[in-house]
Amino acid sequence: MPISKEPATRTLAIRIPRPLEQLSKDELERKQHIGKVTTRTLRTLTEKFASRGFEWTLPVIFAKSTDPLWPDPGASIETRIETEIYGETVRTTLSMIIHKIVACSLLHPKFFTLSPNVRIEKRERRATGWHAYEFTQLDFEARNTESKDIRRIVEDILRGLLEDLKKNSREELTYFNRYKSLDAPSSPFKVYDREDLEAKYGKQWETQLPSAIKEPTWVTNIPREFYDYEDFDTRKWDNYDLFLPRYGEVLSGARREYEHGKITAKMERDGVKKENYELLLTLAKEGRVKPSAGAGIGVERLVSWIVGAEHIGEVQLFPKIPGVVYEL
Ligand code: AMP
Ligand code: MG
7 MPISKEPATR TLAIRIPRPL EQLSKDELER KQHIGKVTTR TLRTLTEKFA
57 SRGFEWTLPV IFAKSTDPLW PDPGASIETR IETEIYGETV RTTLSMIIHK
107 IVACSLLHPK FFTLSPNVRI EKRERRATGW HAYEFTQLDF EARNTESKDI
157 RRIVEDILRG LLEDLKKNSR EELTYFNRYK SLDAPSSPFK VYDREDLEAK
207 YGKQWETQLP SAIKEPTWVT NIPREFYDYE DFDTRKWDNY DLFLPRYGEV
257 LSGARREYEH GKITAKMERD GVKKENYELL LTLAKEGRVK PSAGAGIGVE
307 RLVSWIVGAE HIGEVQLFPK IPGVVYEL
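Every letter in the sequence shown is one number past the one before it in our numbering, and letter 87, counting from 1, is 93.
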């Protein structure tokens, strides 16, 4: 069933998804339908990226360097996982952004990966219905590409996905009462500047916007981590988020910084530890980091929207809900 409440109020009455072994027969059947939609979604998305010439690479879990997730107004991490292997400190992947910039510069001009991210979100986020502490990004990057080209790719792929689902997953969409209501506009989607949204809704624009839009909508110019491109003259950020009606942000992306001087200045400004990004900084200094742009799509969030889930944990085989740790 599609959710009937708006996200801002969803938090009050939300039900926390239970693990597989506690589900009733009907709930298991629902989960099976979600499985079918997930299969079709992954099959279509990967096929669409691959057929556009993106190499399909496999993800990494541990590295010395990972996304600082700072400063990002949307980030809320309770614990940062660091551990030691072979005498070296490594972190679990918060996102593969650093790997993406390096791989896109040195090897694949276009590629994507299905990347498990571990983010120990603050436990109160269990009630948003929109956060998991483990989730998967379909993360992609393209060299010498502009933001608007990435947005067009996403728009085309999203529209293609919905068309495919309507054709090939009609039974499931009907079961979820989503066959008629699931739609995406034709390109280009509407684009809002974050400054205009702040003027209208205040700092809480992110929670207000989903109930104000009727179709997937872009937001640009969002101040955040050092790797998103910032014009130092205009102070505008060349980045973008895709918002889904009634739900919220499903994708974040940007044109990337590649110049050593700018990356260093931003790390110093933001208090990001340069020693955690030695390789990136060395490559940038040597001029080996190439301009690129890309994005990461939250797979579970996308499927939640498609099936009209109340909580993102419903679309996970093994729910990873902030503050709730099941055995599996
Ligand atoms: P980010 O670049 O940090 O915005 O992450 C990229 C995408 O991953 C977001 O747009 C979301 O779709 C998804 N995502 C981020 N955090 C979570 C979370 N805690 N649970 C589920 N999906 C998430
Ligand atoms: Mg984001």
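C-beta: ideal position from N, C-alpha, C; glycine also. Source: prediction; values computed, not measured.
Assigned secondary structure, residue i (DSSP; H/G/I helix, E/B strand, else coil)
i    : result
M7   : Only weak support is given to the placement of M7: the predicted model assigns it a pLDDT of 34, under 50, and the value that follows is read from those uncertain coordinates. M7: coil per DSSP, three-state reduction.
H317 : coil
F324 : coil
T270 : helix
P25  : coil
P122 : strand
I303 : strand
A69  : strand
N183 : coil
F55  : helix
E333 : coil
N245 : strand
W76  : coil
L113 : coil
S4   : Absent from the model: residue 4. The displayed extent of the chain is 7 to 334, so no value can be given.
S30  : coil
V309 : helix
E255 : strand
L250 : strand
Straight-line gap, residue i to residue j (C-alpha atoms, nearest Å)
i    : j    : result
V305 : I312 : 11 Å
D99  : E88  : It should be noted that the sequence gives Thr, not Asp, for residue 99. When rounded, the distance between both Cα atoms is 10 Å.
Q143 : L120 : 6 Å
P222 : L257 : 11 Å
R307 : T240 : 33 Å
R200 : E27  : 43 Å
K296 : R149 : 7 Å
S217 : K291 : 45 Å
M102 : S187 : 33 Å
T15  : R165 : In this prediction, T15 scores a pLDDT of 43, lower than 50, which makes its location untrustworthy; the coordinate-derived value is nonetheless stated afterwards. Roughly 29 Å separates the two Cα atoms.
A109 : W243 : 23 Å
H317 : Q210 : 21 Å
G77  : K272 : Looking at the sequence itself, residue 77 is Pro, so the reference to Gly does not match. Spanning the two alpha carbons is a distance of roughly 10 Å.
E255 : G59  : 26 Å
R21  : N227 : 34 Å
R153 : Y246 : The identity of residue 153 in the sequence shown is Ser, whereas the question assumes Arg. Each residue's Cα considered, the two are about 8 Å apart.
Y207 : T45  : 37 Å
I91  : L64  : 21 Å
R176 : L167 : 13 Å
R294 : T50  : 34 Å
P325 : G319 : 5 Å
K106 : L113 : 10 Å
D32  : L323 : 15 Å
T219 : D170 : The identity of residue 219 in the sequence shown is Ile, whereas the question assumes Thr. Cα-Cα distance, rounded: 24 Å.
S30  : N174 : 27 Å
I104 : L34  : 38 Å
F146 : I163 : 13 Å
D202 : K172 : 35 Å
K268 : L289 : 14 Å
Contact check, residue i vs residue j, beta carbons under 8 Å
i    : j    : result
P115 : I327 : no
F238 : L215 : no
A69  : V96  : yes
F117 : E53  : no
T151 : A299 : yes
R252 : Y235 : no
H39  : E178 : yes
R131 : S71  : no
A301 : G259 : yes
L334 : P25  : yes
V309 : V321 : yes
E212 : G41  : no
- Message: For the segment 165-185 against the segment 129-147, do three or more pairs of beta-carbon atoms, one drawn from each stretch, fall closer than 8 Å, so that the two count as touching?
- Response: no
- Message: Within 8 Å, do at least three Cβ pairs link the segment 116-130 to the segment 283-290?
- Response: no
- In chain order, what residues have a CB nearer than 6 Å to some heavy atom of the ligand MG? G80, D247, E255, S258
- Would you say the segment 158-176 touches the segment 185-202, given that touching needs at least three Cβ pairs under 8 Å? Pairwise C-beta distances place the segment 158-176 in contact with the segment 185-202, as three or more of them are shorter than 8 Å.
- Message: So, does the segment 228-235 touch the segment 272-281, judging by three or more C-beta pairs under 8 Å?
- Response: yes
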